[in-house]
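**Student:** The opening residue of the sequence shown carries number 193 in my numbering; numbering runs sequentially from there.
Starting off with a structure, shown below.
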Amino acid sequence: MAGIRIFGTDGIRGRAFEGWLSEDRVSALGRAVGLAHAPHLAAGEQPLALLGHDGRASGPVLQTALAHGLHAAGFEVKTCGLISSPGLALLTRIEPFSLGLMLSASHNPAEDNGIKIFTARGEKLSEAEELAIEELLRARPEAVAQGPEPVFDGGLESLYVEQLIARAAQALDLTGLQVVVDCANGSASHYGPLVLERLGATVTALSHNPDGKNINSGCGSTHPELLCRAVVAGAADLGIALDGDADRCILADSRGEIVHGDGILTVLARHAADKGTWNDPRIVATVMSNRGLHRALREKDVSVLEVGVGDRLVVEAMRREGLQLGGEQSGHIVFGADNHYIGDGLYTALRVIQVLIETGRSLADLAAPYQAFPQVLLNVPVCSKPELAQVAGVPQLLRLAEDELGADGRILLRYSGTEPLARVMVEGPNEKRIQELARAIADRIAATIGG
């Protein structure tokens, strides 16, 4: 058990009330987080934590358990109730909080939950900080005695709304714009439509009545079909689909066609290149982004710095390289230092709308340069798992395929983490040819280590 990580790529996540997300373990986690953070407090600082949750029924219950643990470590605790992850991160940064802790499982179903932790700067924890918390938690996994309830501060959501509007753009006027917003029955259910209406848009709100069980259920960024139908039926200019904690954003153009993260990056990066506002014409994307993104940006002399999966890796690369834009195909888009590297789904939508207004062009027109390349994924049963790039004959096939595809294609070889399978993924502009290349590599693997 000691070797199994508690934190994943985006905090702790799992089935609510089970394992590390049982009430007892969550209270112990609160204590561990508080104790781990104690050395970082300024002299004489009264430690104060901010909590928030999305639309899951388990959120308020686990929030109370978390507060008990934090109290045991000497923290005072406030809650802003239903709030987005980016909203909580921003409030933690601009208000005098030592820590922010968000109860959310993002786009996962209602039965799940999770915990994301933010520093006083509104940043996610480093891996070293997570490991320190894990060590304390394993040493003392027992429950904490009940303490005071977190104090609700109803003014914090209003403060976030004002900050969001102020950050979006100077004098952003959406008068005459018809927008459909799907709030996924999650964090943005109240403020999402409100912000758009405050800016002048005519708004049709979908999935904005959380009942604890309906978060992400057939709605939001993982199920955009509802949004697409509503955009077409209402003759709207565009649609916005958020996820459960509103850090992701997927758009729909006026035809009801989806514009996901790669398309959003295309719109924003090409517009920035046209305006000449960046000193360094690069963006950050993960290895999951389609090569169509690279081609769409190459026309504007914008290049793509690739990192592994997860928004933390995107942010780390943006900070290290001093870049202004990054994101994932899933719709988690991150803006640079001026926006504190916080990925906010509604803010992302407002930035895209700003481009529409400045250019006078439609979303469909602006996103058109992005054309996803075909992708082939083959699963090969195997009897062992040696390094795939070293399997007899595979390096030669890889080299030939990579030379043929060039910058417009890519090949990923990996094993399944749970099954005896090798996965061969080939992406490129010619579907027939990438199928042939993928099959040749898969056949070679099967002939050598096939199960």
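Using N, Cα and C, we set each Cβ at its ideal position, and we do this for glycine too.
Taking the straight line between their C-alpha atoms, what separation do you get for Gly200 and Thr367?
**Tutor:** Counting from one through the sequence shown, the residue named residue 200 turns up at place 8. Counting from one through the sequence shown, the residue named residue 367 turns up at place 175. Taking the straight line joining both Cα atoms gives about 42 angstroms.
**Student:** Just to check my reading of the structure: Ala614 and Leu604 have Cβ atoms closer than 8 angstroms, yes? What is that Cβ distance to the nearest angstrom?
**Tutor:** Start at 1 with the first residue of the sequence shown, and residue 614 comes out as number 422. Start at 1 with the first residue of the sequence shown, and residue 604 comes out as number 412. Their Cβ separation, rounded to whole angstroms, is 11 angstroms, which puts Ala614 and Leu604 out of contact at 8 angstroms.
**Student:** Suppose contacts are defined by Cβ-Cβ distances below 8 angstroms. Is Val372 in contact with Val423 by that definition?
**Tutor:** Residue mapping note: residue 372 aligns to position 180 of the sequence shown, counting from 1. Residue mapping note: residue 423 aligns to position 231 of the sequence shown, counting from 1. Yes; because the gap between Cβ atoms is below 8 angstroms, this pair is in contact.
**Student:** For Ala208, which residues does DSSP report across the bridge?
**Tutor:** Within the sequence shown, numbered from 1, the residue matching residue 208 stands at position 16. Answer is none; Ala208 lacks a bridge partner.
**Student:** To which residues of the same chain is Leu240 closer than 6 angstroms at the C-beta, ignoring the five residues directly before and after it?
**Tutor:** Here residue 240 refers to the residue found at position 48 when the sequence shown is read from its first residue. These residues qualify, in order along the chain: Glu268, Phe289 and Ser290.
**Student:** From Gly523, Arg543, Glu520 and Asp403, pick the residue whose C-alpha is nearest to that of Asn531; which is it?
**Tutor:** Residue 531 sits at position 339 when you count from the first residue of the sequence shown. Closest by alpha carbon: Arg543.
**Student:** With a 10 Å radius around its C-beta and 16 neighbouring C-beta atoms as the bar for buried, classify Glu520 as buried or exposed.
**Tutor:** As a first step, residue 520 is located in the sequence shown; it is residue number 328 there, counting from the start. Its Cβ being crowded by 16 or more others within 10 Å, Glu520 is buried.
**Student:** Considering only C-alpha positions, which residue in the set Ser413, Arg636 and Ala281 is nearest to Ile309?
**Tutor:** By one-based count along the sequence shown, residue 309 stands at place 117. For Ile309, the nearest C-alpha among the options comes from Ala281.
**Student:** Assign Ile475 to one of two classes, buried (16 or more other C-beta atoms within 10 Å of its C-beta) or exposed (fewer than that).
**Tutor:** For the purposes of this step, residue 475 is taken as residue 283 along the sequence shown, with counting starting at 1. Buried, by the Cβ-count rule.
**Student:** Please name the residue in Ala397, Glu389, Ala259 and Asp472 whose C-alpha comes closest to that of Ser381.
**Tutor:** In the sequence shown, counting from the first residue as 1, residue 381 sits at position 189. Closest option to Ser381, Cα to Cα, is Ala397.
**Student:** Kindly list the residues whose CB is nearer than 8 angstroms to the CB of Asp600, restricted to its own chain and excluding five residues on each side of it in sequence; keep chain order.
**Tutor:** Within the sequence shown, residue 600 is the residue found at index 408, counting from 1. Contacts found: Arg483, His486, Arg487, Phe565, Gly620 and Pro621.
**Student:** Grouping DSSP H, G and I as helix and E and B as strand, with all else coil, what is Lys467?
**Tutor:** Counting from one through the sequence shown, the residue named residue 467 turns up at place 275. Lys467: helix per DSSP, three-state reduction.
**Student:** Going by CA-CA distance only, name the one from Val526, Lys405 and Arg512 that's closest to Gly518.
**Tutor:** Along the sequence shown, read from residue 1 onward, the residue named residue 518 stands at position 326. Comparing Cα-Cα distances from Gly518 to each of Val526, Lys405 and Arg512, the minimum goes to Val526.
**Student:** Determine the burial state of Val616: buried for a count of at least 16 other Cβ atoms within 10 Å of its Cβ, exposed for fewer.
**Tutor:** Reading the sequence shown from its first residue, position 424 is the one you call residue 616. Buried: at least 16 other Cβ atoms inside 10 Å.
**Student:** Roughly how many angstroms lie between the CA atoms of Asp439 and Ala264, to the nearest whole one?
**Tutor:** The sequence position of residue 439 within the sequence shown is 247, counting from 1. The sequence position of residue 264 within the sequence shown is 72, counting from 1. Asp439 and Ala264: Cα-Cα distance of roughly 31 angstroms.
**Student:** Check the DSSP bridge columns for Thr311 and list the partner residues they point to.
**Tutor:** As a position in the sequence shown, residue 311 is number 119, starting the count at 1. Note: Thr311 sits in a beta bridge opposite Leu291.
**Student:** In the DSSP assignment, find the unbroken beta strand (DSSP E) run with Ser250 in it and report its ends.
**Tutor:** To locate residue 250, count along the sequence shown from 1; it is residue 58. Not the beta strand (DSSP E): Ser250 falls in the alpha helix (DSSP H), residues Ser250 to Ala264.
**Student:** Short of 7 angstroms in beta carbon distance, which residues of its chain neighbour Arg313, apart from the five on each side in sequence? Order them along the chain.
**Tutor:** In the sequence shown, counting from the first residue as 1, residue 313 sits at position 121. Correct list, in chain order: Arg285.
**Student:** According to DSSP, what are the bridge partners of Asp345?
**Tutor:** For the purposes of this step, residue 345 is taken as the residue at position 153 of the sequence shown. According to DSSP, Asp345 bridges with nothing at all.
**Student:** Using a 10 Å radius around the Cβ and a threshold of 16 neighbouring Cβ atoms, would you call Glu315 buried or exposed?
**Tutor:** Taking the sequence shown and counting its residues from 1, the one referred to as residue 315 is at position 123. Buried, because 16 or more other Cβ atoms sit within 10 Å of the Cβ of Glu315.
**Student:** Leaving out the 5 sequence neighbours to the left and right, which residues in its chain are closer than 6 angstroms to Arg462 when beta-carbon positions are compared?
**Tutor:** Within the sequence shown, numbered from 1, the residue matching residue 462 stands at position 270. Once the five neighbours on either side are set aside, the close Cβ partners of Arg462 are Lys492.
**Student:** Is it a yes or a no for the stretch 316 to 323 touching the stretch 333 to 352, going by three-plus beta-carbon pairs under 8 angstroms?
**Tutor:** No contact exists between the stretch 316 to 323 and the stretch 333 to 352.
**Student:** For Asn401, count neighbouring Cβ atoms within 10 angstroms of its own Cβ and tell me buried if that reaches 16, exposed if not.
**Tutor:** As a working note, residue 401 is residue 209 in the sequence shown. Label assigned to Asn401: exposed.
**Student:** How should Cys375 be labelled, buried or exposed, when 16 other C-beta atoms within 10 angstroms of its C-beta is the threshold for buried?
**Tutor:** For this step, residue 375 is matched to residue 183 along the sequence shown. Under this definition Cys375 is a buried residue.
**Student:** From Arg390 to Gly206, what does the alpha carbon distance come to, in whole angstroms?
**Tutor:** Translated into positions along the sequence shown, residue 390 becomes position 198. Translated into positions along the sequence shown, residue 206 becomes position 14. Their Cα atoms are separated by approximately 36 angstroms.
**Student:** Less than 6 angstroms between C-beta atoms, sequence neighbours within five positions excluded: which residues of the same chain meet that for Met193?
**Tutor:** Position 1 of the sequence shown, counted from the start, is the residue given in the question as residue 193. Legend: pLDDT at Met193 = 43, less than 50; position of this residue unreliable, no value from coordinates given.
**Student:** Determine the closest residue to Ile545 out of Gly468, Asp429, Leu592 and Ser495, with distance taken between C-alpha atoms.
**Tutor:** On the sequence shown, position 353 is the one that residue 545 refers to. Checking every option, the nearest Cα to that of Ile545 belongs to Asp429.
**Student:** Let me see if you follow: with CB-CB separation under 8 angstroms, is Gly585 close to chain D or not?
**Tutor:** The question asks about chain D, but that chain is absent: this structure has only one protein chain.
**Student:** Would you decide whether Gln516 is buried or exposed? Buried here means 16 or more other CB atoms lie within 10 Å of its CB.
**Tutor:** For this step, residue 516 is matched to residue 324 along the sequence shown. Buried is the call here.
**Student:** Rank Leu505, Ser608, Lys405 and Leu227 by C-alpha distance to the C-alpha of Arg332 and give the top, closest one.
**Tutor:** Working through the sequence shown from its first residue, we reach residue 332 at position 140. Nearest option by C-alpha distance: Leu227.
**Student:** In whole angstroms, what is the alpha-carbon distance linking Pro278 and Lys577?
**Tutor:** By one-based count along the sequence shown, residue 278 stands at place 86. By one-based count along the sequence shown, residue 577 stands at place 385. So the alpha carbons of these two residues sit roughly 40 angstroms apart.
**Student:** Check the C-beta distance from Val583 over to Thr640 and give it rounded, since I have them as a contact under 8 angstroms.
**Tutor:** For the purposes of this step, residue 583 is taken as residue 391 along the sequence shown, with counting starting at 1. For the purposes of this step, residue 640 is taken as residue 448 along the sequence shown, with counting starting at 1. Indeed, because the Cβ distance is near 5 angstroms, the residues count as touching under 8 angstroms.
**Student:** If you run the structure through DSSP and keep just helix, strand and coil, what is Cys420?
**Tutor:** Here residue 420 refers to the residue found at position 228 when the sequence shown is read from its first residue. Helix, per DSSP.
**Student:** Where do the ends of the alpha helix (DSSP H) carrying Thr201 lie?
**Tutor:** Counting from one through the sequence shown, the residue named residue 201 turns up at place 9. First-last for Thr201: undefined, no H or E at that position.
**Student:** In chain order, what are the residue ranges of uninterrupted alpha helix (DSSP H) at least 4 long that sit wholly in the stretch 316 to 374?
**Tutor:** Here the runs fully enclosed are 319 to 331 and 347 to 360.
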